[in-house]
Each structure stands twice: as structure tokens, then as C-alpha cells.
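**Q**
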């Protein structure tokens, strides 16, 4: 007859094995998610560099190339949103690697914002690119993000947001903050005009109505 002590010993060993299995499964799952985000960032980085070359070439042909430029920048913006969604899911993991991914994402976001803003100007696109600065922790930033997401969803393709953590340690982030004299978050940069502090949904809609033609106001 199997002794009670042996039963407890086997049960303890099995519990320990399951515990380790859970740890390793979680580790490999997180590593897999990080790898996927890294892959998406690398692919977008390469495509963005190509898009910048295409932009320089196509702008030589002036407005005849606007349809290509608009389609290209819209696709890049959409992919940027997907990467941001993945980073938000990883935000609370506390992994040092996340900060490096955020740095990479931030560079892509700023470059895509610049490219889209230039395309809007050259092609007279009826869109509104917004550079959105937030910080952590910041309750108003959370609320501002929700407002922007709601409006972005409602006015698909018209309102484009490029989200940047003001605390990311990058020279270009500091340059933008100083250039626009941003001293608090949330902060929105809309066509070189700066709005600091929480901006209501109604205020943003009013700004959209002033700048866009193809929306109901």
C-alpha cells in the first residue's frame, strides 16, 4: 500500500513541475509577443524608409502622384496603429525590452506624422494629422486618449493621431517639446498650433470643422 507520505511527495513534485511549466509558458509567450512586435516594427521601419524615398521621387511629379502618396501614407498610419495597440498590451509588463520597443515605435510615429503632414500639404488632402503627447502617470492623458480614439473611429480616415510618450528619452522628442513649447500633458499639435491640457470632444470637433470639408458639422 502506498504510504501517505509518498503520495504527498509525488503531489508536491507534480505541483512544482506545473508551477515551472506555468512560468516558462508565460516567459515564452511574452517573448513571442515581443518578437512579433519587433518584427512588425522592423518591417514598418523598412517600408517607411522606402516610402520616404518614394515621397521625394513622387513629389517631383507634383499632384499627379497624390493618389499614390495618400494610399501609401494611409497604409503606414494604419500599421502604426496596430503596433501601438500591441505596445499598450505590453505596457504593464515592466520588461526593459519594452522601453527599447517604445523608442523604436516613437521614431516611426514621428516620421510617419511628418510624412503624412507633408503629403497633406502637397496634395491638399482633406485630413487632420494630430501629434499627441502623453505622459505616465496622467489621468487627463487617459481621458484624452479615449476622446481621440472615439473621434478617430467616428471620422475614419479624416482624423489621424500620432501618439508619443513625452517621457521617452529621444533627442527628437525633446526637440519637438521645446519647439512647440510644450510644458504639460496631454498636448496636441494640430497644424503647428499647440493645445495643452485636456481638450474636450466638442473642442476637437470644432477644430475639425474649421479645417476639414468632408465632415458633417
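Residue numbers (my numbering): 316 to 532. Built from N, CA and C at the ideal position, the CB exists for glycine as well.
Could you give the distance in angstroms between the alpha-carbon of residue 413 and the alpha-carbon of residue 353?
**A** Distance between the alpha carbons of residue 413 and residue 353: 10 Å.
**Q** Which class does residue 527 belong to by DSSP, given the choice of helix, strand or coil?
**A** coil
**Q** In chain order, what residues of the same chain lie with their CB nearer than 6 Å to the CB of residue 406, ignoring the 5 residues before and after it?
**A** If we look at residue 406 and ignore the five residues flanking it on each side, it has no Cβ neighbours.
**Q** Measure how close the beta-carbons of residue 443 and residue 526 come, nearest whole angstrom, since I'm counting them as under 8 Å.
**A** Contact holds; Cβ gap of about 6 Å.
**Q** Please state whether DSSP places residue 479 in a helix, a strand or coil.
**A** Strand, per DSSP.
**Q** Beta strand (DSSP E) containing residue 504: first to last residue?
**A** 502-505
**Q** Put residue 509 into one of helix, strand or coil per three-state DSSP.
**A** Here residue 509 sits in strand by DSSP.
**Q** For residue 529, tell me which candidate among 350, 380, 439 and 430 has the shortest Cα-Cα distance.
**A** 439
**Q** Mapping DSSP to helix, strand and coil, what is residue 445?
**A** strand
**Q** Kindly list the residues whose CB is nearer than 6 Å to the CB of residue 511, restricted to its own chain and excluding five residues on each side of it in sequence; keep chain order.
**A** Closer than 6 Å at the Cβ level, and outside the excluded window around residue 511, lie 499 and 502.
**Q** Please name the residue in 494, 466 and 481 whose C-alpha comes closest to that of residue 514.
**A** 466
**Q** What separation, rounded to the nearest whole angstrom, lies between the Cα atoms of residue 387 and residue 462?
**A** 26 Å
**Q** Closest to residue 505 by C-alpha separation, out of 517, 487 and 476, would be which residue?
**A** Residue 476 is the option with its Cα nearest to residue 505.
**Q** So, at 6 Å on beta carbons, what are the nonlocal neighbours of residue 474 in its own chain, with the 5 sequence-adjacent residues on each side left out?
**A** 443, 466 and 467
**Q** Thinking C-beta only, is residue 483 closer than 8 Å to residue 421?
**A** yes
**Q** Of the residues 403, 380, 531 and 383, which one's Cα is nearest the Cα of residue 471?
**A** 531
**Q** Going by C-alpha to C-alpha distance, which of 507, 431 and 415 sits closest to residue 382?
**A** Checked all of 507, 431 and 415; the closest Cα to residue 382 is 431.
**Q** Check residue 485 in the structure and name its three-state DSSP category.
**A** coil
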